[in-house]
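Okay, so here's the structure we're looking at.
In my numbering, the protein residues as written are 37 to 197.
In structure tokens, the structure reads:
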């Protein structure tokens with residue numbers, strides 16, 4: 037019984053204290069940007085990824101595209117769709133979390149998008165490119181395309197929709 041207690045108590049303490057210790061590292065000072073890495077492979081079979089590439093946030097096509105997505109957050113969540121903004125000049129982000137410049141550069145290279153190009157690219161859960169646009173696209177068109185996919189049809193049946 038004492039041996040079991042000697043093993044169990046440290047493990048229990050570890051799991052109880054784990055959230056507190058990890059939260060200390062997650063807090064960044066206001067001067068430090070919390071950058072994370074992002075790669076498409078980590079999303080495979082979990083999420084669909086909608087990438088918007090632009091030279092900067094001042095690009096007219098980028099601004100128009102972001103306006104088209106406003107008010108559709110629940111539709112993104114419902115479809116397991118992550119929005120990734122990849123900017124040559126400025127901060128790139130995945131689901132509103134800033135990603136490091138090297139991740140942004142890798143995404144540009146992998147999807148063959150030039151630094152000054154505007155692109156909207158939809159990547160399915162299987163990791164394949166499902167849509168590639170050179171102009172802004174309506175959110176509804178993207179949702180309709182996703183909803184027509186066999187995997188999405190299965191998801192809707194499981195969720196009772």
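Here a beta-carbon is modelled for each residue, glycine too, at the ideal position from N, C-alpha and C.
Roughly how far, in whole angstroms, is the beta-carbon of residue i from the beta-carbon of residue j, given that I think they are within contact range, below 8 Å?
i	j	result
residue 156	residue 88	6 Å
Beta-carbon within less than 8 Å of residue i's beta-carbon, same chain only, minus the 5 sequence neighbours each way: which residues are those?
i	result
residue 73	135, 136, 138 and 139
residue 116	82, 83, 84, 161 and 191
Grouping DSSP H, G and I as helix and E and B as strand, with all else coil, what is residue i?
i	result
residue 33	One cannot answer for residue 33 here, as it falls past the ends of the chain, which runs 37 to 197.
residue 184	coil
residue 147	coil
residue 166	strand
residue 117	strand
residue 71	coil
residue 91	strand
Apply the 10 Å Cβ neighbour rule to residue i and answer buried if 16 or more other Cβ atoms are within range, or exposed otherwise.
i	result
residue 165	exposed
residue 121	buried
residue 75	exposed
residue 77	exposed
Suppose the cutoff is 7 Å on Cβ atoms and the five residues either side in sequence are ignored; what does the same chain contact list for residue i look like?
i	result
residue 90	97, 98, 123 and 154
residue 93	123 and 126
Could you pull out every residue in the same chain whose Cβ sits closer than 6 Å to the Cβ of residue i, ignoring the five residues on either side in sequence?
i	result
residue 163	80
residue 184	none
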